[in-house]
Amino acid sequence: MSADLSSMLGIDRTGSMKVKIHELFQCLLETTKAEPEAIVGFSLSASPKLGDFLGDLDPALSLDWNNRDFRGLPELRSHVLTQAGLTDLCGVEDVLITAGAAEANYLAIMQLVQPGDRIVVETPGWPQADVLAQAKGAEIVKVHRREADGWALPLDDLAKAVTPGTRLIFLSNPNNPTGQLLDRATLVEIATIAERVGAWLVVDEVYAGLEWDGPRAPSVAGLYDRGITTGSVSKALGLQGLRTGWLICRDAEMIKDAFILRENSSEIMNIMGEVIAEIALRPERYKASLQTAREDGAANLAWLMDWVDKEPNLSWVPPQAGLIGLGRLPDGVNSAAFAQRLLQDPYRTFVLPGSAYGEPQHVRLGVGGGAGVNLEEGLARMSRALRAMVT
Numbered sequence: 034m035s036a037d038l039s040s041m042l043g044i045d046r047t048g049s050m051k052v053k054i055h056e057l058f059q060c061l062l063e064t065t066k067a068e069p070e071a072i073v074g075f076s077l078s079a080s081p082k083l084g085d086f087l088g089d090l091d092p093a094l095s096l097d098w099n100n101r102d103f104r105g106l107p108e109l110r111s112h113v114l115t116q117a118g119l120t121d122l123c124g125v126e127d128v129l130i131t132a133g134a135a136e137a138n139y140l141a142i143m144q145l146v147q148p149g150d151r152i153v154v155e156t157p158g159w160p161q162a163d164v165l166a167q168a169k170g171a172e173i174v175k176v177h178r179r180e181a182d183g184w185a186l187p188l189d190d191l192a193k194a195v196t197p198g199t200r201l202i203f204l205s206n207p208n209n210p211t212g213q214l215l216d217r218a219t220l221v222e223i224a225t226i227a228e229r230v231g232a233w234l235v236v237d238e239v240y241a242g243l244e245w246d247g248p249r250a251p252s253v254a255g256l257y258d259r260g261i262t263t264g265s266v267s268k269a270l271g272l273q274g275l276r277t278g279w280l281i282c283r284d285a286e287m288i289k290d291a292f293i294l295r296e297n298s299s300e301i302m303n304i305m306g307e308v309i310a311e312i313a314l315r316p317e318r319y320k321a322s323l324q325t326a327r328e329d330g331a332a333n334l335a336w337l338m339d340w341v342d343k344e345p346n347l348s349w350v351p352p353q354a355g356l357i358g359l360g361r362l363p364d365g366v367n368s369a370a371f372a373q374r375l376l377q378d379p380y381r382t383f384v385l386p387g388s389a390y391g392e393p394q395h396v397r398l399g400v401g402g403g404a405g406v407n408l409e410e411g412l413a414r415m416s417r418a419l420r421a422m423v424t
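What follows is the structure, given as structure tokens:
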């Protein structure tokens, strides 16, 4: 393939075999050093406290692995299937508990993608697949969501990108960072595109359950034999610190390969994280927690939308689901420069630049985190910073 054609399709042929730091992670590192007083764009629900779970914890619980099942506590894996709507389509043997959705994605990509394989990813999207594919020396094809189309995934472009030899497609649903949702019909069409060439289809579902404009989309593990669903308790339930997630796939060999790699990376599981996650995902408790997260998120989203409507220097496509979306900055204002300025006095406010997602004219806005992120004050400071930069 010519260099011009590779560029046109968005193909990266760097061939690097080293995992390199991504701008998104670099921004988060800088934030901890800056100690901001407000955060605009927090990406997860308010976090519960350990005390919320003490009544359900057994004080005699051993913190050593109990040899019940190296793939994860069976009752936790059962809850995972229930919350994903997969109890009639998958069994607990199709679930592997992981150190968050990030490890689930890592296990799938590192085991399935080899040097020279083609992987198709969306942009803007969760950048992990891009980072890992570069490290593997894969051929990366990016399918571009466009703001003018409401950040919808262009299925015609996806179909053109998925050619014979495509090994894997990686998407997030709801999309991270735009909050746009793929419905059942769209997912079925995407699975058909993947099946046509025998590609694996990985869908990161960390924001599932927080839909504002429709029902929860079905999990791809129940739609396609080579469909892989990844998720965690981090976003909707605010339990990021547990580092507990999952990978679901009906292909026994794929689960086995992921299990083998996990044994040689994070090894056996975090028993405390699994036990608390199991409590959090008990159906009645999960239902109540998710309802609280939805109510808080919807209220904050309504407030944020009102702020955007009144802010002359920023516009956005509201998210259909999840806690984040992309706001467009005025022409001539670069998101990385704006984010750096906003971190400094007198603003002391963190916002993630859209350049971390390949969108340098945008910033990430969000409604998570609860009162501790000081969102209202952060947005007021952001308005002042915008006025200062455009006048």
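All residue numbers for the sequence shown refer to this note's numbering, where the first residue is 34 and numbers rise by one. By construction, the Cβ of each residue, glycine as well, lies at the ideal position given by its N, Cα and C atoms. On a predicted model such as this, the values are computed, not experimentally measured, just so you know.
Legend entry - CA-to-CA distance, S76 to T196, given in whole angstroms: Taking the sequence shown and counting its residues from 1, one reaches residue 196 at position 163. Taking the sequence shown and counting its residues from 1, one reaches residue 76 at position 43. Note on geometry: alpha-carbon atoms of T196 and S76 lie some 34 Å from one another.
Legend entry - Identified DSSP bridge partners for F383: Counting from one through the sequence shown, the residue named residue 383 turns up at place 350. According to DSSP, which records beta bridges pairwise, F383 is partnered with I72.
Legend entry - Limits of the beta strand (DSSP E) - the one that D237 falls within: As a position in the sequence shown, residue 237 is number 204, starting the count at 1. 233-237 is the span of the beta strand (DSSP E), which, as asked, contains D237.
Legend entry - Strand pairing of K175, partner residues [DSSP]: To locate residue 175, count along the sequence shown from 1; it is residue 142. Paired residue(s): V154.
Legend entry - C-alpha gap between E63 and A370, whole angstroms: Your numbering for residue 63 matches position 30 in the sequence shown. Your numbering for residue 370 matches position 337 in the sequence shown. Their Cα atoms are separated by approximately 13 Å.
Inset, instruction - Please state if the CB of G255 and the CB of R276 are separated by a distance shorter than 7 Å. - result: Within the sequence shown, the letter at position 243 stands for residue 276. Within the sequence shown, the letter at position 222 stands for residue 255. For R276 and G255, no; Cβs fall outside 7 Å.
Inset, instruction - Please report how far the alpha carbon of I261 lies from the alpha carbon of A285, in whole angstroms. - result: On the sequence shown, residue 261 is found 228 positions in, with the first residue counted as 1. On the sequence shown, residue 285 is found 252 positions in, with the first residue counted as 1. Using only the alpha carbons, I get a separation of about 12 Å.
Inset, instruction - Counting only the same chain and skipping the five closest in sequence on each side, list residues whose C-beta sits under 7 Å from that of P69. - result: Numbered from 1 along the sequence shown, position 36 holds the residue referred to as residue 69. L376, R381, T382, F383, listed in sequence order.
Legend entry - Segment contact flag, the segment 218-231 with the segment 186-205, C-beta cutoff 8 Å, min 3 pairs: With a cut-off of 8 Å on Cβ pairs, the segment 218-231 is in contact with the segment 186-205, counting three or more such pairs.
Inset, instruction - Find out if the Cβ-Cβ distance for the pair I152, I173 is shorter than 7 Å. - result: Here residue 152 is taken as the residue at index 119 of the sequence shown, counted from 1. Here residue 173 is taken as the residue at index 140 of the sequence shown, counted from 1. Cβ atoms of I152 and I173: closer than 7 Å.
Inset, instruction - Could you tell me the distance, in whole angstroms, from the CA atom of K51 to the CA atom of W340? - result: As a working note, residue 51 is residue 18 in the sequence shown. As a working note, residue 340 is residue 307 in the sequence shown. Taking the straight line joining both Cα atoms gives about 42 Å.
Inset, instruction - Report the option in R361, L201, D85 whose CA atom is closest to the CA atom of A181. - result: Indexing the sequence shown from 1 puts residue 181 at position 148. It is R361 whose Cα lies nearest to the Cα of A181.
Inset, instruction - Assuming G247 contacts T263 (C-beta within less than 8 Å), just tell me the rounded distance between them. - result: Within the sequence shown, the letter at position 214 stands for residue 247. Within the sequence shown, the letter at position 230 stands for residue 263. Contact annotation, G247 with T263: C-beta distance approximately 21 Å; criterion of less than 8 Å not satisfied.
Inset, instruction - Express the C-alpha separation of V308 and I44 in angstroms, rounding to a whole number. - result: By 1-based counting over the sequence shown, the position of residue 44 is 11. By 1-based counting over the sequence shown, the position of residue 308 is 275. Note that I44 scores 46 on pLDDT, short of 50, meaning its location in the model is unreliable and no value can be drawn from it.
Legend entry - Where the alpha helix (DSSP H) through S322 begins and ends: Counted from its first residue, the sequence shown places residue 322 at position 289. Residues 316-343.
Legend entry - Under 7 Å between C-beta atoms of L214 and Q116: Mapped onto the sequence shown, residue 214 falls at position 181. Mapped onto the sequence shown, residue 116 falls at position 83. In this structure, L214 lies away from Q116, with their beta-carbon atoms at least 7 Å apart.
Inset, instruction - Determine, using beta carbons only, whether P157 and G355 come nearer to each other than 7 Å. - result: Numbered from 1 along the sequence shown, position 124 holds the residue referred to as residue 157. Numbered from 1 along the sequence shown, position 322 holds the residue referred to as residue 355. Not closer than 7 Å, so no.
Legend entry - Same chain, Cβ closer than 7 Å to S388, five either side skipped, listed in chain order: Position 355 of the sequence shown holds residue 388. For S388, where only same-chain residues beyond five positions count, the Cβ hits under 7 Å are E56, S368, A369.
Inset, instruction - Kindly indicate which three-state DSSP category S111 falls into: helix, strand or coil? - result: Within the sequence shown, numbered from 1, the residue matching residue 111 stands at position 78. S111: helix per DSSP, three-state reduction.
Legend entry - Endpoints, the alpha helix (DSSP H) within which S299 is located: Taking the sequence shown and counting its residues from 1, the one referred to as residue 299 is at position 266. Annotation for S299: no alpha helix (DSSP H) segment contains it, and DSSP assigns it neither H nor E.
Inset, instruction - Go through its chain and collect everything with a Cβ distance to G274's Cβ below 8 Å, but skip five positions before and after it. - result: The residue labelled residue 274 in the question sits at position 241 within the sequence shown. If we look at G274 and ignore the five residues flanking it on each side, its Cβ neighbours are S80.
Inset, instruction - With a threshold of 16 other CB atoms inside 10 Å of the CB of A404, please say whether the residue is buried or exposed. - result: Here residue 404 refers to the residue found at position 371 when the sequence shown is read from its first residue. A404 sits exposed, since fewer than 16 C-beta atoms from the chains shown fall within 10 Å of its C-beta.
Inset, instruction - Quick one: grab the DSSP three-state call for A36. - result: Within the sequence shown, the letter at position 3 stands for residue 36. Confidence at A36 is low in this model, with a pLDDT of 41, below 50, so its placement is unreliable and the value that follows should be read with caution. In the structure shown, A36 adopts helical secondary structure according to DSSP, grouped into three states.
Inset, instruction - Closer than 7 Å by C-beta to T120: which residues in its own chain qualify, once you throw out the five before and the five after it? Chain order, please. - result: Mapped onto the sequence shown, residue 120 falls at position 87. Within the same chain, T120 has close Cβ partners L114.
Inset, instruction - Just the C-alpha distance for A135 and A227, rounded to the nearest angstrom, thanks. - result: Mapped onto the sequence shown, residue 135 falls at position 102. Mapped onto the sequence shown, residue 227 falls at position 194. Approximately 22 Å, taken between the alpha carbons.
Legend entry - Reduced DSSP secondary structure (H/G/I, E/B, other) of G170: Within the sequence shown, the letter at position 137 stands for residue 170. Reduced to three states, the DSSP call for G170 is coil.
Inset, instruction - Taking 7 Å as the cut-off, decide whether the C-beta atoms of V73 and L412 are in contact. - result: The count along the sequence shown starts at 1 and reaches residue 73 at position 40. The count along the sequence shown starts at 1 and reaches residue 412 at position 379. Closer than 7 Å, so yes.
Legend entry - Three-pair Cβ contact test at 8 Å for the segment 385-399 versus the segment 93-110: Contact fails: fewer than three Cβ-Cβ distances are below 8 Å.
Legend entry - Complete beta strand (DSSP E) runs within the segment 201-260 (minimum length 3 residues, chain order): Runs found: 233-237.
Legend entry - Cutoff 7 Å; reference M415; Cβ partners in own chain excluding five residues on either side: On the sequence shown, residue 415 is found 382 positions in, with the first residue counted as 1. Result list for M415: V73, L375, T382, V384, in chain order.
Inset, instruction - Could you please give the first and the last residue of the uninterrupted beta strand (DSSP E) stretch that includes G358? - result: Translated into the one-based positions of the sequence shown, residue 358 becomes position 325. If you look at G358, you'll find it in the beta strand (DSSP E) that goes 357-361.
Inset, instruction - For V423, name the three-state secondary structure that DSSP assigns. - result: The count along the sequence shown starts at 1 and reaches residue 423 at position 390. Here V423 sits in helix by DSSP.
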